[in-house]
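Colleague:
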Amino acid sequence: MSSDEEYDIEVVDKSKEWADFLSKKYKQELRTIGREFPYQRSLIINYETLQKFGRSGVKLADELLGYPNKVFAEVRDALRTHNLLARKDAHEIIPRVNIRFINLPRKTLVRDIRSDQLNTFVSVDGIIRKTTEVRPRLVEAVFRCPAGHMTIREQSYGRFVEPDSCGMADCTQKKLELIPMRSKFIDAEKIRIQETPEGLRGGEQPQTLDVDVTDDLAGLAAPGDRVVINGILKSIQRVTMGAKSTIFDIYLECNSIEFGEKEFEEVNITEEDEAAILELSKDPNLYRKIAHSIAPTIYGNDEVKEAVSLQLFSGIAKEMPDGSTLRGDIHILLVGDPGIAKSQLLRYVVKLSPRGIYTSGKSATSAGLTAAAVKDEFGDGRWTLEAGALVLADMGVAAVDEMDKMQKDDRSSLHEAMEQQTISIAKAGITATLKTRCALLGAANPKLGRFDEYVGISEQINMPPSLLSRFDLIFIMTDKPEKQRDEAIAQHILKAHSVGELIMQHRKHPIEGVDEDYITKELAPVTPEIDPVMFRKYIAYAKRNSFPIITQEAREALVDYYMKLRNLASPDKPVPVTARQLEALVRLAEASARTRLGNSIERDDAIRVIKIVDNCLRKVAYD
Ligand code: ADP
Ligand code: MG
Numbered sequence: 001m002s003s004d005e006e007y008d009i010e011v012v013d014k015s016k017e018w019a020d021f022l023s024k025k026y027k028q029e030l031r032t033i034g035r036e037f038p039y040q041r042s043l044i045i046n047y048e049t050l051q052k053f054g055r056s057g058v059k060l061a062d063e064l065l066g067y068p069n070k071v072f073a074e075v076r077d078a079l080r081t082h083n084l085l086a087r088k089d090a091h092e093i094i095p096r097v098n099i100r101f102i103n104l105p106r107k108t109l110v111r112d113i114r115s116d117q118l119n120t121f122v123s124v125d126g127i128i129r130k131t132t133e134v135r136p137r138l139v140e141a142v143f144r145c146p147a148g149h150m151t152i153r154e155q156s157y158g159r160f161v162e163p164d165s166c167g168m169a170d171c172t173q174k175k176l177e178l179i180p181m182r183s184k185f186i187d188a189e190k191i192r193i194q195e196t197p198e199g200l201r202g203g204e205q206p207q208t209l210d211v212d213v214t215d216d217l218a219g220l221a222a223p224g225d226r227v228v229i230n231g232i233l234k235s236i237q238r239v240t241m242g243a244k245s246t247i248f249d250i251y252l253e254c255n256s257i258e259f260g261e262k263e264f265e266e267v268n269i270t271e272e273d274e275a276a277i278l279e280l281s282k283d284p285n286l287y288r289k290i291a292h293s294i295a296p297t298i299y300g301n302d303e304v305k306e307a308v309s310l311q312l313f314s315g316i317a318k319e320m321p322d323g324s325t326l327r328g329d330i331h332i333l334l335v336g337d338p339g340i341a342k343s344q345l346l347r348y349v350v351k352l353s354p355r356g357i358y359t360s361g362k363s364a365t366s367a368g369l370t371a372a373a374v375k376d377e378f379g380d381g382r383w384t385l386e387a388g389a390l391v392l393a394d395m396g397v398a399a400v401d402e403m404d405k406m407q408k409d410d411r412s413s414l415h416e417a418m419e420q421q422t423i424s425i426a427k428a429g430i431t432a433t434l435k436t437r438c439a440l441l442g443a444a445n446p447k448l449g450r451f452d453e454y455v456g457i458s459e460q461i462n463m464p465p466s467l468l469s470r471f472d473l474i475f476i477m478t479d480k481p482e483k484q485r486d487e488a489i490a491q492h493i494l495k496a497h498s499v500g501e502l503i504m505q506h507r508k509h510p511i512e513g514v515d516e517d518y519i520t521k522e523l524a525p526v527t528p529e530i531d532p533v534m535f536r537k538y539i540a541y542a543k544r545n546s547f548p549i550i551t552q553e554a555r556e557a558l559v560d561y562y563m564k565l566r567n568l569a570s571p572d573k574p575v576p577v578t579a580r581q582l583e584a585l586v587r588l589a590e591a592s593a594r595t596r597l598g599n600s601i602e603r604d605d606a607i608r609v610i611k612i613v614d615n616c617l618r619k620v621a622y623d
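Going by UniProt numbering, the first residue of the sequence shown is number 1, and it counts up by one from there.
1) Which residues mark the beginning and the end of the alpha helix (DSSP H) in which residue 69 is found?
2) Is the segment 384-397 in contact with the segment 416-430, if contact means three or more CB pairs nearer than 8 Å?
3) Quick check: the Cα distance between residue 539 and residue 434, rounded to an integer number of angstroms?
4) Below 7 Å, is the gap between the Cβ of residue 363 and the nearest heavy atom of the ligand MG?
5) Just to be sure I understand the criterion: a residue counts if its Cβ is closer than 6 Å to at least one heavy atom of the ligand MG. Which residues meet that?
6) Where residue 151 and residue 96 are concerned, what is the direct C-alpha to C-alpha distance, given to the nearest angstrom?
7) Give me the residue from 56, 59, 120 and 84 with the minimum Cα distance to residue 33.
8) Do residue 21 and residue 66 have their C-beta atoms within less than 8 Å of each other?
9) Can you confirm whether the segment 273-289 touches the segment 186-196 when touching is taken to mean that 3 or more C-beta pairs between the two stretches lie within less than 8 Å?
10) Could you pull the start and end residues of the beta strand (DSSP E) that residue 386 belongs to?
11) Residue 130 to residue 68, Cα distance in whole Å?
12) Excluding sequence positions up to five away, which residues of its chain have a Cβ less than 8 Å from the Cβ of residue 80?
13) Please work out which residues of its chain come closer than 6 Å, Cβ to Cβ, to residue 208, disregarding the five sequence neighbours upstream and downstream, and give them in chain order.
14) Can we say the segment 459-467 touches the segment 437-446, given the rule of at least three CB pairs closer than 8 Å?
15) Leaving out the 5 sequence neighbours to the left and right, which residues in its chain are closer than 8 Å to residue 269 when beta-carbon positions are compared?
16) May I ask you to check if the CB of residue 492 is nearer than 7 Å to at least one heavy atom of the ligand ADP?
17) Taking all protein chains shown into account, do 16 or more other C-beta atoms lie within 10 angstroms of the C-beta of residue 172, making it buried, or fewer, making it exposed?
18) For residue 146, does the count of other Cβ atoms within 10 angstroms reach 16, so buried, or fall short, so exposed?
19) Mind checking whether the beta-carbon of residue 567 lies closer than 7 Å to any heavy atom of the ligand ADP?
20) Using a threshold of 8 Å, state whether the C-beta atoms of residue 294 and residue 352 are closer than that.
21) For a test of the three-state rule: what should DSSP assign to residue 547, helix, strand or coil?
22) Taking the alpha-carbon positions, what's the residue 239 to residue 245 distance?
23) Does the distance from the CB of residue 177 to the CB of residue 121 come in under 8 Å?
24) Could you name the residues of the same chain whose beta carbon sits closer than 6 Å to that of residue 370, not counting the 5 residues immediately before and after it, in chain order?
25) Can you grab the Cα-Cα spacing for the pair residue 593 / residue 197, in whole Å?
26) Taking buried to mean at least 16 other C-beta atoms within 10 Å of its own C-beta, is residue 223 buried or exposed?
27) Identify the residues that DSSP records as bridge partners of residue 336: which are they?
28) Under 8 Å by Cβ, that's how I've got residue 330 and residue 579 pegged, so tell me the actual separation to the nearest angstrom.
29) Just checking my contact of residue 620 with residue 476 at CB under 8 Å: how many whole Å lie between their CB atoms?
30) Output needed for residue 348: all residues of its chain with C-beta closer than 6 Å, excluding positions within five of it in sequence on either side, in chain order.
31) CB-CB under 6 Å to residue 401, same chain, minus the five flanking residues each way: which ones, in chain order?
32) What residue range does the alpha helix (DSSP H) around residue 16 cover?
33) Only counting the same chain, and skipping five residues up and downstream in sequence, which positions put a Cβ closer than 6 Å to that of residue 167?
34) For a test of the three-state rule: what should DSSP assign to residue 600, helix, strand or coil?
35) Can you tell me whether residue 317 is buried or exposed, with buried defined as 16 or more other CB within 10 angstroms of its CB?
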């Protein structure tokens, strides 16, 4: 039964209007379906095209949102009565043609879905978190009673309904048997989408929605994909300990999937923004301003902040003549004593970065940091492929805290995820390669609480040297008491607190002539010099428009330094100096040039990044 029947709606046959629309706008597509069915069996209608189709188009489009099942029936009716598929057996195949709609103007956030949207057509965007294997699902069950009568029962998502007795009049048989051979099945897959990080206000946990995907759409989406899913919002009664509850769970009956282009940032840059960006790029204090706009509430750590700013701009991914690719993403690891604002820095960076994901190495999701195939109740016995943080952060930054506490499986899968930027899963019926084109910002606490300069870092943070060598930069942050610095930190922390307090007070009892901007500006050092919204736009603009090329002078400086490193290195150092370091230098220099929207990597960029790398290596590799 279609759920629309529960509504009291005007019964006007719209099939003529549909036929008019379809024969004018979708003639080609219908002909293809008519010719190539069942290989082509979905008619994909653009909502905007429909809406722009005169007065009737507006009405039809509107009706789809409120009464989708009625609309699907009318479209099929139009196909049938006006013979739009141009086939003799049209009436047999029309029930199997999928009517799909894409490009809806309004999107609903998962967290905003309410009961009044049940049974309506909605459009939701998100990242795919889990997908199950594609398996046949019963849609029309045929039962036979001992006397040989057949009874048909339509089946819906999630539960199996059996008749209590034979459907034949006068037959009193109660023991019915399902006949799979006579029943109808459809390919089905269950997926779970999660809200996109962009839509979340700082620190909120993303909410999820389960989606029932069927027929030719099953198996198309992979974990980590950015999608818009259009479909009918449905409810299903919850059953707790065998008893039916009055609480219903919701799911989306998928009608169409639109795949987002992850390569292009959603950040919207206006002409005014562009002018402001170009102006900022010429600022003589650009580098300082940028570094000071990263976690301004954290005192000091200027080198780390400078490195993180380079990470946000990132190097340039390259395709080699032999088809292999070189990553452009810069991986950074912060190792050090507890209580020195590592976690806080990670959280801040996630907020600044497009597609930033924060997670902890010890977090207990079954997908871990990369991805996993599991068999749990989500899939109702099917294998499920689930994306972890690095897949969800594809094209963004993955901040992984407490990396020293990560699982053994994660440690081994990280090698591939960090360098090849893919993760391959082959388990049971699932073989998949998911993309992890993200920059990793990791933090680790030494095993014994404090960092011991005389013990190798690999040992202290429980990570093999091979994994450590995947990081472009490793910072050792120690917390040695030092009077002047400690006092400065204390002042800084208190200042940050007082700005917060003042703002709270001002909100309760506004002070005349003073606004929040004034308070934050007056108490500078703790407020970012570049506003976070502008900062994100600046990064997005740089990544879209700046592809600097290395100059001869910069190349020489980098090679010279690398040769010097190789000479100093000895094979028993905790992090051996390999060609990876040279690649890291190039990436960092690219990011440095990008920071000022440069076209070329100058000697100054090289010098700047050599200084950063050298400071790090001094502590890690050849101290
Ligand atoms: P970690 O992850 O390194 O153990 P946290 O990020 O949890 O440390 O920081 C602990 C607390 O100390 C935070 O509230 C942080 O604001 C404060 N803190 C530590 N160092 C600084 C600093 N340099 N500037 C400002 N706050 C700091
Ligand atoms: Mg921490």
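The beta-carbon is built from N, C-alpha and C at its ideal position, and this holds for glycine as well.
Modeller: The structure says:
1) 68-81
2) yes
3) 25 Å
4) no
5) 342, 343 and 401
6) 22 Å
7) 84
8) no
9) no
10) 383-387
11) 27 Å
12) 90, 91 and 94
13) 192 and 194
14) yes
15) 277, 537, 540 and 541
16) yes
17) exposed
18) exposed
19) no
20) yes
21) coil
22) 6 Å
23) no
24) 388, 390, 413, 417 and 423
25) 28 Å
26) buried
27) 477
28) 16 Å between Cβ atoms; not a contact.
29) 6 Å
30) 295
31) 343, 346, 360 and 443
32) 15-25
33) 151
34) strand
35) exposed
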